[in-house]
Every structure is written in C-alpha cells, then in structure tokens.
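See below for the structure under consideration.
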C-alpha cells in the first residue's frame, strides 16, 4: 500500500467573551471562486512542536500571543488529493484559545497572507455560522455543530474527530 503524504497543521478555535469565533477567509484558486472560512493556523515545520507551531502561526496570522498551553479539542484528517497543494491531504489539530475580542492583525503583510490564500479575517457569532446560506464554505463543513458543543459543554473529555 503506498504511503500517504499528509500536511500536518495546527489551528486555533479562538473564542472571544461573546463566544464569537475568529475565522480566516481563504480564497482557493481551484476551483476558481471557492471561498472557505477556517480557523487560523498552519503547517507544523520540521523540528517544531504542535504548540510552538500554533504560537508562531497565531502571531503571524492574527497577532495573538498565546502564553499558556491551550487544550487540544478537535482532530481532523482529510485524505483528498488536491486538498492541500503538494500533499495527499491534511491533518488538522485544533486547540481552544479564549481571549478578549481584538482587531486581528498579524506580523505577515497582506501580500504574505495572500500568498497563503488568506484574503480576510473576521469574527463570526455561532448563530451566523449555523444560519449562513451563502456560497462560501466552512472548514470543517459542519463547523456549527462541534462549535456549539464546545461552547455549550466546554473542553471535551476526549478529542472530537471531525469530518471534512
């Protein structure tokens, strides 16, 4: 059986005091016009721990300094060629970060963010995620369900496995 080359990434479920979630707007080149709203984060570099990667990614993408070790709450594996350029799919590990609301602006320039297909950052209320019926997608597609459970029940006793 051939080995599968998956991109290992970390993402943060950043919730403010009103339980709004901070999401990145990804404008995906193929198929053209695809927009996906996803939790901020990114790839784990060689010799980097997941939490070190999370701290770096949040500093770069949204300007948030994480000083504690946030709880690991969700795990997602997507094996789908083309889902991540150069890989057979992705593994995303999600960590819960609670913070006061802030104006997201990371260390990366707009051009650097655009090179990663990020074209915006916005706070979404869980109601807005659940009721959204526009053309954009969420990652995971059913973000509203695990998000509602996380807000209602808190950190799960066991890691929640997410679908695509």
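In the numbering used here, the protein residues as written are -7 to 156. Backbone N, C-alpha and C define an ideal beta-carbon position, used for all residues, glycine too.
- Only residues of its own chain outside the window of five on either side were considered, and among them 118, 121 and 122 have a CB closer than 7 Å to the CB of residue 136, listed in chain order.
- Every unbroken stretch of the beta strand (DSSP E) spanning 3 or more residues and falling wholly within the segment 9 to 77 is given here in chain order: 13 to 20, 26 to 30, 33 to 35 and 64 to 71.
- Taking 9 Å as the cut-off, the Cβ atoms of residue 25 and residue 53 do not count as close.
- Runs of the beta strand (DSSP E) lying entirely within the segment 63 to 149, each at least 3 residues long, are 64 to 71, 81 to 90, 110 to 116 and 129 to 131 in chain order.
- Taking the Cα of residue 6 as reference, the smallest distance to any Cα among 129, 64 and 22 is reached at 64.
- In the three-state reduction of the DSSP assignment, residue 1 falls in the strand class, which pools E and B.
- Less than 9 Å separates the beta-carbon of residue 56 from that of residue 94.
- Where residue 152 is concerned, the enclosing beta strand (DSSP E) starts and stops at 152 to 154.
- Separation of the CB atoms of residue 30 and residue 16 is rounded to 6 Å, and the pair is thereby assigned contact status at 8 Å.
- Here residue 10 is actually not in contact with residue 42; their C-beta atoms are around 28 Å apart, not less than 8 Å.
- Leaving aside the five residues that flank residue 0 on each side, the residues in its chain whose CB is nearer than 6 Å to its CB run, in chain order, 36 and 83.
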